[in-house]
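In the UniProt record's numbering, the protein residues as written are 1 to 544.
In structure tokens form, the structure reads like this:
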């Protein structure tokens, strides 16, 4: 029996979903597929292939080095890099030794990096020396000095440097660590031990570090992989490594199911399409804003995407015209709803066959039903539980994949849960008659106009139903008469004016929900992952 087979979870809870077993640690999957399918591709970058055998060897070699350097269980390992095979190896090696991995986005300014590093206080920082032409050595050395962390650089061969080590030298220092010492360390790590800290996007304030565990990555990945059994699995991964979409929704899901990750360090539409074609991407998943940019690009209809079998989106609602444009690529589509803290979908549609306008309407109507590992309930503003369809309430969830809490923020952790242990998502939803969940807004984005609660997402959906509107974002701002009023920012085709948009809303919304101002823009400010930056829009609306 192999060491990985011995690490299957106890028989009382163990089960295997198709060909993918339920293992204890997320890092165990590199070893499992390294034994079962050693020559299968685990990751690619710029045409270079990393097999599962190579991934497993690299993970163990780096894990030995971490043990030799004194990285202990619960220590943090921060990494600054683009999405790449190096990122995957470091995440899994960190998990294997019971440490906690933290992603740093190369697009962040130094002050943003310093905030995360000072908050999580890593024992070790691993960084790419250069990303997109920017040299990070001085920043990384300053960050490491600030928290007295060891610094290891990828792509650095300067052995005379005093403040850091090249990765190759660091790994070589672990060669003396025995097989038994490595195995003993792995055995000491439990499935609900923390393995990641993912900082929230900070759309409503300073980011908080959500502490995620091995089981939280594994269970959703197994469930999401079920419909893919017997099919080739390849996904494009270009998302920033500090985002749950990169680490969980794509990397963990593909790894757990033995698929191939096609990494792209710098995304642009044409390169993304070319990579999808050359690598044979079968599952195309990203955020709606990227789908919108892609279907609008001239290369979209010229690229061979015949390998794509499924399309899914998350993070926001997808406009109907974009869904229609994707039908020639794949009629099997899906969406889901989750947060960083849920470490996977709370609700999902599963596979939907989308062929015509009626199917598109069905696909845009909801985010599906609660997933296997989550219970969902809605709580009304008066504190009562929502029982009837069509009534708004805050979405609350509980389930095994849920995060362990916010790093160094016991107050925020306590505020995030109800007294009976349900996580308060801060999102507002309503049940449809058939039991599906519809997202109607964000609690913190809700504003009161003339005493009425207004949820921006409802207005955005109405606006995006206009044939000339590709995207809408609504924010509330103070008003001396009504308390607050809405301002709508829209991306629209030429020829549309505010009067037309107001008339469109008047046919679909109560008067108090109609924005008092419409701003037509060529694009909207966005957070690093592509979501609309509502804080930036609110500032623009107030200043105007």
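Glycine is no exception: its CB is placed at the ideal position from the N, C-alpha and C atoms.
Take the alpha-carbon of residue 64 and the one of residue 300: they are about 45 Å apart.
For the 9 Å CB-CB criterion, residue 102 and residue 217 do not form a contact. With the rule of 3 Cβ pairs closer than 8 Å, the segment 70-81 counts as touching the segment 111-124. Here the C-alpha atom of residue 279 lies approximately 16 Å from the C-alpha atom of residue 258. Going by beta carbons, residue 460 and residue 427 fall outside the 9 Å limit. The C-alpha of residue 384 is placed about 54 Å away from the C-alpha of residue 68. Residue 100 sits close to residue 194, with the two beta carbons spaced by under 9 Å.
Of 494, 140 and 260, the smallest CA-CA separation from residue 164 is found for 140.
Checking the DSSP bridge columns, you'll see residue 101 partnered with 77 and 196. Under the DSSP definition of a beta bridge, residue 430 partners with 438. A Cβ-Cβ separation of about 7 Å places residue 455 in contact with residue 392 under the 8 Å criterion. In the three-state DSSP reduction, residue 148 falls in the coil class, being neither helix nor strand.
The Cβ atoms of residue 342 and residue 402 sit closer than 9 Å to each other. Within the same chain, and ignoring the five residues on either side of residue 250 in sequence, the residues whose Cβ sits closer than 6 Å to its Cβ are 235 and 237. As computed with DSSP, residue 263 is found in a beta bridge with 45 and 237.
Counting along the chain, no alpha helix (DSSP H) covers residue 334; the unbroken beta strand (DSSP E) around it starts and ends at 332-339. For the beta strand (DSSP E) assignment, the uninterrupted runs of no fewer than 3 residues enclosed by the segment 323-393 are, from N- to C-terminal side, 332-339, 344-348 and 374-379.
Residue environment analysis places residue 242 among the buried positions, since at least 16 neighbouring C-beta atoms fall within 10 angstroms of its C-beta. Distances from the CA of residue 109 to each of 319, 138 and 304 were compared; the closest alpha carbon is that of 138.
Beta-bridge annotation (DSSP): residue 188 is not paired with any residue. In the structure shown, residue 91 adopts helical secondary structure according to DSSP, grouped into three states.
Distance from the Cα of residue 353 is smallest, within the candidate group 346, 344 and 363, for 363.
Fewer than three beta-carbon pairs drawn from the segment 404-414 and the segment 429-443 are found closer than 8 Å, and the two stretches are therefore not classed as touching. In the DSSP assignment, residue 473 falls within the beta strand (DSSP E) that extends over 469-479.
Scanning its chain for C-beta atoms nearer than 6 Å, with the 5 sequence neighbours on each side dropped, one finds around residue 288 the residues 313, 316 and 318, in chain order. Counting C-beta atoms within 10 angstroms of its own C-beta, residue 471 has 16 or more neighbours from the protein chains shown and is therefore classed as buried.
Burial check for residue 266: the Cβ neighbour count within 10 Å stays below 16, so the residue is exposed.
For residue 223, no beta strand (DSSP E) encloses it; the enclosing alpha helix (DSSP H) starts and ends at 214-225. In the structure shown, residue 19 adopts coil according to DSSP, grouped into three states.
Here residue 312 is bridged, per DSSP, to 285 and 334. Taking each of 462, 497 and 495 in turn and checking the Cα distance to residue 514, the smallest one comes out for 462. The three-state secondary structure of residue 26, taken from DSSP, is coil. Excluding residues up to 5 positions away in sequence, 386 and 393 lie with their Cβ nearer than 6 Å to the Cβ of residue 380 in the same chain.
Excluding five sequence positions before and after residue 346, the CB atoms of its chain that fall closer than 7 Å to its own CB belong to 337, 338, 370, 371, 374, 376 and 397, given in chain order.
Segment contact: the segment 490-498 against the segment 520-540, three or more CB-CB distances shorter than 8 Å; contact assigned.
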